[in-house]
Amino acid sequence: MSDSKSQKLVKAEKDAEAPQENPYLAHLPPSERLVGGAAASGRKNPYGLAPNHPLANFVIGATTAEQAEAAEEGDINPFTDKPFSDKYRKILAGRRKLPVNKHRKEFLNLVQNNQVVILVGETGSGKTTQIPQFLVFDELPGFKGKKIACTQPRRLAAMSVAQRVAEEMDVVMGQEVGYNIRFEDCTSASTILQYMTDGMLLREAMNDPLLTRYSAIILDEAHDRTLSTDILMGLMKEIIRKRSDLKVVVMSATLDAGKFQKYFDDAPLMSVPGRTFPVEIYYTPEPESDYLEAAIFTALQIHRSEDPGDILLFLTGEEEIEDACKKIKMEADMMPDTGPVKVLPLYSTLPPQAQKRIYEDAPPPRTPEGRPGRKIVVSTNIAETSLTIDGIVYVIDPGFSKQKVYNPRIRVESLLVSPISKASAQQRSGRAGRTRPGKCFRLYTENAFMKELIETTYPEILRSNLGTVVLQLKKLGIDDLVHFDFMDPPAPETLMRALELLNYLGALDDDGNLTPLGSIMADFPLDPQLAKMLIMSPQYGCSNEIMTIVSLLNVPLVFVRPADQRKAADEAKAQFAHPDGDHLTLLNVYHAYKTSGEDQKWCYDNYCNYRTLKSADNVRTQLKRYMERFDLDLVSLPFDERPKGPYYTGIRKALVTGYFMQVAHQERSGNYLTVKDNQVVRLHPSSCLDHAAEWVIYNEFVLTNQNFIRTVTEVKAEWLLDIAPIYFDLDSFPNCEGKRVLEKLLRRRKDEEDMKKNRKSDRSDRDRDYKRRK
Amino acid sequence: MINPKQPQQEVEEEDYMSEAFLNNLVQQENQDVKAKKANMTYSERRRQKQLEHIANLPKPLHVREKEARTQGLQKEIGEDNKGMAMLLKMGFKKGGTLGARKQSSDSELVPTLSPSNLNAENVAARPEALRVPLAIEIKQGRGGLGMDSERKRQAEEELKRHEEEARLAFDQDFRGQKRDLFDLAKWTRQLTAARSICMRMDSNSARRKTERMEPENQKKVPEESDPAADIEHNQRRRSNPFWWIDDSVSDEILGTSMMGPGAHVENEQDQGVTPELMTSELGDDERRGNDLSHGVEKRIKLDPLQSAEIYEDVVQEEVEEPPKWGERPSFAQLEVREKLDRVVKYLRDEYCYCFWCSALYDSPTDLKEICPGESEDDH
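Quick note, the sequences are listed as chains A and B, same order.
Just so you know, the first sequence maps onto residues 1 to 774 in the UniProt record's numbering.
Just so you know, the second sequence maps onto residues 1 to 379 in the UniProt record's numbering.
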C-alpha cells in the first residue's frame, strides 16, 4: 500500500525529478529507479547523497519512525550537513519525552496512507513543534524543491514556534526553518519548514491557487476557527481534489474534532493525550456582583492559603489586566506571612520582551526558610490555547473574554466582553493540570455554567466583516460564494454587505465578477477600503502620504497614554493634532518621528510608541514595494502647512475614495448619524477634531456602552457627491438630515449650471446681434 | 369626531369634490378640536400639555443611540440593497442559507427533482447554518457571569410584585376605600342597634322567666340589680353564644377609632333611645366602659358576683377571662358584617323579631309569611 502510494507521489513530482529517473524502471520502488543504475544497489539515495548521509536510506513518503529517529540521533545534521551541537542533544532528550513522540509511528502510518489527517492533541502535547518535523523527515520537501507550511492563527505564535523549532533542528532561523507573517518574511530559498499565519497562506494561495510551493500543509490550532483557517479549510478541500500529492494535517486542541472529520469526508483521526493531571473545579455558590474584584480576591486567597504553585487568571483586556496586576501586587505585598509574588500581565499588544517574562520562574522565598514565592499571570484568552505556561496549578476563570462581533445590519465591528463557551471554560481549567493536579476556580455558579454558556465559541467567520475574505475568494477564482463549502456558513446578510462594499469600491462588477481594480486590491494585504485608497492616491498626488496613513492604521495605537500621566500624554499628542482630523494627525506624528531621526528617546518624550512607529515604518516599506509592483506612482504635493491648503485637502479627498461608506453627518442636536444606517454615534474622546465638522469619515464604528466613531477626519459634502456618486445616489437614501443637506447642495449645483448655460447662451445671442449689426 | 361630521354632510349635500366640502371638513375638524378642548377639564389639559412637552423634549443621547441601534439591528437588509441583488444573482434564494449544496450522492438519489424542488432542497439543506446575523449583546458593568440573568430574574419578580400591588390598589382605589368605610360604619351602626335590641329582648325574657318562677320578686325596684336575673344572664351568656352584650368587647371590635366619633355618639344615642330599659338592666350590664355613669358603677360594685371584674380592666381580664371569654375569641375575630348577620339571625330565631322590618312577629310562621326575607336587601 505504502509503496503504490509513494509511486504515485513520485509520479507527481516527475517534472522536477525527471532527469534523474529512468522511466523504464517505473515498476521498481522509487529509490531504485534512478538513471545510472546506482539505485540498483538500493543503498544510495536518489538525490545524490553519499551512502553515509543520514538520509541516504530514506524513501519519500515511506519513512519509518525508526529511520527518522536514528537520523535525529546521529552526529550530522541531515539538513545542514554540520555536526549537531550539544544544545541540540539536550533539547532532543526533552523532545523525546513529549507525549506526541510516542505516536510518531502511528502518525507516519496515517499520513502516508491518507491525504488528510485530523490530529487532536492537548496543548503541551508537543504537536505544534514535533508534527511538522515528523513530516519534514517523511516528505523531505527540500529534495522536491518544496516546503512544508504550518499555519498559526497568531503572528506571535508563528514567530516563537519557528524560533523554537529552529533550535530543535539545530538550524539558523530563517534558513531551513523560518516564518512568514504579514509585513515580515523571515524565510529563504533553503527553507523547508515554514511557520506562517493562516492569513499569509491564504494570501499566497491567491497567486498560487494550488499552493504548488508546498508538499504538505499543516493547519494548526484549527479549533480556534479563525476566519482564515476556516477559508483555508474550504480551500484545502478544493485543492486536494486537484493535487493528490498534497498532504494536509489539521491539528486541533479540543475534542470536537468530529466536526473536522466530517467536514473532510471522514478523514482518519489521531488523538494524542496531553500530559494532564486531574483538575478540581470549584464554582461560586452565588453569582458575583463584580467579577474583577472577585478575581483579585480569589487570587489573593489562593496566595494566602493554598500550597505552592503558580496562578493563572483570565481577564478580558489590557486595561483590566494592568489594573488587576497593580491591585494584586499591592495587596499581596501587604499580606503578612506569605511568600513573595511576581505578578505578570499577558496580552497581545504587550511588547515581546514583556511577554516572555511569563516564562520566568516564581520568585525565591524572602528568607531561606520562608514561604516559597508565587507567580501570578494575568492574561487574556491568549493563554487559553496558544501559549503554554508551565507551573500553573491554579486557574481563576471569571467566564468572560473579549470577542469580536460584527453585525451587517448596522455595519458595526467591535470587540465586546462576552461570556465564554463551555469548551473555552474546559480549556481554561485544563491549564491548571499541566504539571501536577490543580484547581480551577470558576467565578460563576454551576447553574450558570450549564445554562448560560454556549457549547463552543462561534467561529470567527460568523462574527466578522467578510469584505477582505470575499475579495480573496474571488481572486482565488471561487465564483460561487453562495455554495462555497463553509464549515459554518455565515449569515447571508454578512455576505451581502461584503458584496455591496466591494461593488461600491469598484472591486466587483454588478454580476459579482472581479474587476481589474479588484484584482490589484486583492493583492494588497489590506482591508479593501485602504487598498482602494492607496491605489487611487496617485490621482490626488499624495500616494506617499496615504501610504503613511495606511501603515499607521495597520499597526496598534501609536499614542501612549499611561494612566498616571494622562495629562502630559494628551499635551504631547496635542502637538501633532491636526484640526481637521485624526488621519492627518497620524501623518504629522510620522513626519515628526522621521524628522527626529527615528529616535527612541524622542518617542519616549512625546508619548509615542517607538515599537509601533518602527513597525509602521516597516509596513510602509512593504507597501511601497507593492506600489512599485503595480506601477503606482509615489508622489507628494508640495508641502503647505495651511490646514485648508491643497496639500491636506488632497489627502482628505484621497481618504474619501476608500472611506465614502463610512461617513457620518452631524445633526442639529450635535451628535452624529452614520450615513444610510442612521446610527446615533459620537466622536471618540481621543479624536483631535477640534471643531464641529458637518461631515466626517471614520475608520471604525465601535460599540461599548456608547456608540463611538474612532479615527475621524472632516470631509466636504461636495467631495462625497463627486467621488462616490453611486453610493450617494439620494434615491436610495433613507430620510435624514444629511439627505436634505445633500439634496440642497445638488439643487444649488444644478441652478448654477443652468445659470452658466443661460449666461453662455446670452453671450452667444449678444455676439450674434453684434455680428448682425456689423 | 366622525359622528358629528356625517349628519352635516347629509344635510348640506355638498359635492365631495368641491372646495366648499373640503373647507367644511377643515372647519368641522377645527371645531371638533376646539369643542374637545373646551370640554376638557383643566387637569386634563394640563396633563396633555405635560405629555406633549415630554414627547417634544430631546431624548438623552444614550437613549437615542440605543433606540437607533435596536431598530437597526432588527431591520433586515432589504432587496433594494445592491449586495442583496448581487447575491440573488449568484443563486441565493431569499430566506435561505449559504454553504455547500447537499452531498452529491443525495441529489443523485432523487434525480427527477425539478429545479425549483432542488432549490427548496438547498434551502433546507443546512438547518444549522445561520439565517440571520448573530445577536449583539452589550455587557454593562462588571457583574459576574449569571449576575445579569439573576438581576433580570429579580427585576422581573419585582415587576410582577408591583403589578400585583397595582392591581390590588386599583381594586381598592379611593372610591372603593370610601365605600368600604361607609359600609363598615353602617354595619357597625346596625350592629350596635341590633345588639341593644337583642340585649333588651334577652333581659326581658329573662325577667319574664324569673317573674314566672318567683312572683314575689315583683315588688323589687326595677332599678335594683336582680341577682336571679343576673344569674340567668350569666347562664345565658355561658350557654348561648349570642349573648354577647359586652361593651368592652364591642369597643374593641367596633374599633371606635376606626369609625370616628360618630360611632361613639351612636352608642350614646342608643343608650338615650332606651333609657328605661337601660336602667332596668344596668345592673347586669357589667361593662359599659368609659361612658358609664358613676352611679351605675357603684351599683355594680355592690354586685358580689361581678364586683371583681368591674374595678379595673386589669383585674377584670385576669379574673374574668377564663369563664367568660370562652366564646369571645371566635366572635371577636368575626367581621362586622358577619357579626351583624349573626345577631339578626339570632333575633329571628329566638324572638321572631326581624331587625330589618323592626317588627316583632307572633310566630315563626308569621315571620315567614309577612317578612320579605332574611337580608337587608330583601327589604
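Yeah, the Cβ is synthetic: ideal placement off N, Cα and C, and Gly gets one too.
(message) Rounded to the nearest angstrom, what separates A/Lys-144 and A/Val-136 at their Cα positions?
(response) Approximately 12 Å between the Cα atoms of the pair.
(request) Output yes if chain B places a C-beta closer than 8 Å to the C-beta of A/Arg-409; else output no. (result) Taking Cβ atoms only, chain B reaches closer than 8 Å to A/Arg-409, which makes this a yes.
(request) Could you run through the stretch 331-353 of chain B and flag, in chain order, every residue whose CB is less than 7 Å away from some CB of chain A? (result) Per Cβ criterion, the list is empty.
(request) Could you tell me the boundaries of the beta strand (DSSP E) in which A/His-583 lies? (result) Counting along the chain, A/His-583 falls outside any beta strand (DSSP E), though it belongs to the alpha helix (DSSP H) covering 582-595.
(message) Tell me the DSSP secondary structure of A/Arg-374 in three-state form.
(response) It is a strand residue.
(request) State the Cα-Cα distance for the pair A/Lys-757 and A/Gly-512, rounded to the nearest angstrom. (result) Using only the alpha carbons, I get a separation of about 40 Å.
(message) According to DSSP, A/Gln-403 sits in a beta bridge with which residue or residues?
(response) BP columns for A/Gln-403 point to A/Leu-416.
(message) Can you give me the C-alpha to C-alpha distance between residue 778 of chain A and A/Arg-243, rounded to a whole angstrom?
(response) Nothing about residue 778 of chain A can be reported from this structure: the residues present for chain A run from 1 to 774 only.
(message) Between the alpha carbons of B/Asp-378 and B/Lys-160, how many angstroms are there, rounded?
(response) Taken atom to atom, the span from the alpha-carbon of B/Asp-378 to that of B/Lys-160 is near 42 Å.
(message) On the criterion of 16 or more Cβ atoms from any shown chain inside 10 Å, does B/Glu-163 qualify as buried, or is it exposed?
(response) Residue burial annotation: B/Glu-163 is exposed, with fewer than 16 other C-beta atoms found within 10 angstroms of its C-beta.
(message) Output needed in chain order: residues of the stretch 73-86 of chain B with a Cβ under 9 Å from some Cβ in chain A.
(response) Under the 9 Å Cβ criterion, the stretch 73-86 of chain B contributes Leu-73, Gln-74, Lys-75, Glu-76, Ile-77, Asp-80, Asn-81, Lys-82, Gly-83, Met-84, Ala-85, Met-86.
(message) For A/Arg-241, would you say it is in contact with chain B, using Cβ-to-Cβ distances shorter than 8 Å as the test?
(response) At a cut-off of 8 Å between C-beta atoms, A/Arg-241 does not count as an interface residue with respect to chain B.
(message) Quick check: is the beta carbon of B/Glu-156 nearer than 8 Å to any beta carbon in chain A?
(response) No, B/Glu-156 does not count as interfacial toward chain A.
(message) Between A/Ser-615 and chain B, is the shortest Cβ-Cβ distance under 8 Å, so that the two count as touching?
(response) Answer no: the Cβ-Cβ gap between A/Ser-615 and chain B never drops below 8 Å.
(request) May I have the straight-line CA-CA distance separating A/Asp-754 from A/Thr-515, to the nearest angstrom? (result) Their Cα atoms are separated by approximately 36 Å.
(request) Name, please, each residue of chain B whose Cβ falls closer than 7 Å to the Cβ of A/Asn-705. (result) Ordered by position in chain B, the residues that pass the 7 Å Cβ test against A/Asn-705 are Ile-138, Gln-140.
(message) Does the structure place the stretch 284-301 of chain A close enough to the stretch 397-405 of chain A that three or more beta carbon pairs sit under 8 Å?
(response) The stretch 397-405 of chain A is in contact with the stretch 284-301 of chain A.
(request) Report the neighbours of B/Phe-92 on chain A: residues whose CB is nearer than 7 Å to its CB, in chain order. (result) Neighbours of B/Phe-92 on chain A, chain order: Val-482, Pro-492.
(request) For chain B, find out if any of its Cβ atoms is closer than 8 Å to the Cβ of A/Phe-701; answer yes or no. (result) Output row for A/Phe-701: interface = no.
(request) Would you tell me roughly how many angstroms separate the C-alpha atoms of residue 447 of chain B and A/Asn-705, rounded to the nearest one? (result) Outside the displayed range of chain B (1 to 379) lies residue 447 of chain B, so it cannot be described from this structure.
(request) Could you name the residues of the stretch 300-324 of chain A whose beta carbon sits closer than 8 Å to any beta carbon of chain B, in the order they occur along the chain? (result) Within the stretch 300-324 of chain A, no residue qualifies.
(request) Show which residues of chain A have a CB atom less than 9 Å away from the CB atom of B/Leu-159. (result) Within chain A, not a single residue places a beta-carbon under 9 Å from that of B/Leu-159; the smallest gap is close to 20 Å.
(request) Find the residues of chain E that neighbour B/His-62, judging by a C-beta separation of less than 7 Å, and give them in chain order. (result) Absence of chain E from the displayed structure is noted, the protein chains being A and B.
(request) Return helix, strand or coil for A/Gln-472, following the three-state DSSP convention. (result) DSSP, reduced to helix, strand and coil, places A/Gln-472 within a helical segment of the structure shown.
(message) Nearest by alpha-carbon distance to A/Asp-307: which of A/Ala-324, A/Glu-322, A/Thr-338, A/Pro-278 is it?
(response) The candidate whose alpha carbon is nearest that of A/Asp-307 is A/Thr-338.
(message) Please report the distance separating the alpha-carbon of A/Leu-140 from that of A/Ile-549.
(response) The straight-line gap from Cα to Cα measures roughly 44 Å.
(message) Report the start-end ranges of each beta strand (DSSP E) in the stretch 495-535 of chain A that is 3 residues or longer and not cut off at the edges.
(response) The stretch 495-535 of chain A is shown to contain no whole beta strand (DSSP E) run of 3 or more residues.
(message) Could you tell me the alpha carbon to alpha carbon distance between B/Asn-30 and B/Arg-47, rounded to whole angstroms?
(response) When rounded, the distance between both Cα atoms is 21 Å.
(request) Could you tell me the distance, in whole angstroms, from the CA atom of A/Tyr-195 to the CA atom of A/Ile-181? (result) Looking at the two C-alpha atoms, the distance is approximately 8 Å.
(request) Look at the alpha carbon of A/Ile-302 and the alpha carbon of A/Arg-371, and state the distance between them as a whole number of angstroms. (result) Those two C-alpha atoms are separated by around 14 Å.
(request) Hey, could you find the ends of the alpha helix (DSSP H) A/Phe-576 is sitting in? (result) Looking at the DSSP string, the run of the alpha helix (DSSP H) that includes A/Phe-576 is 566-576.
(request) Find out if the Cβ-Cβ distance for the pair residue 775 of chain A, B/Arg-131 is shorter than 8 Å. (result) This structure cannot settle anything about residue 775 of chain A, because the visible part of chain A is limited to 1 through 774.
(message) Taking only three categories from DSSP, how would you classify B/Pro-43?
(response) It should be pointed out that residue 43 of chain B corresponds to Ser in this sequence rather than to Pro. Of the three classes helix, strand and coil, the one that applies to B/Ser-43 here is helix, per DSSP.
(message) Taking the alpha helix (DSSP H) that A/Cys-603 belongs to, which residues open and close that run?
(response) Judged by DSSP secondary structure, A/Cys-603 falls within the alpha helix (DSSP H) whose first and last residues are 600-605.
(request) Could you please give the first and the last residue of the uninterrupted beta strand (DSSP E) stretch that includes A/Leu-730? (result) Neither: A/Leu-730 is in no beta strand (DSSP E) and is coded neither H nor E.
(message) Considering only the alpha carbon of each residue, which of B/Ser-18, B/Tyr-42, B/Tyr-351, B/Asn-81 lies closest to B/Met-203?
(response) The sequence given here has Ser at residue 203 of chain B, not Met. Closest option to B/Ser-203, Cα to Cα, is B/Tyr-351.
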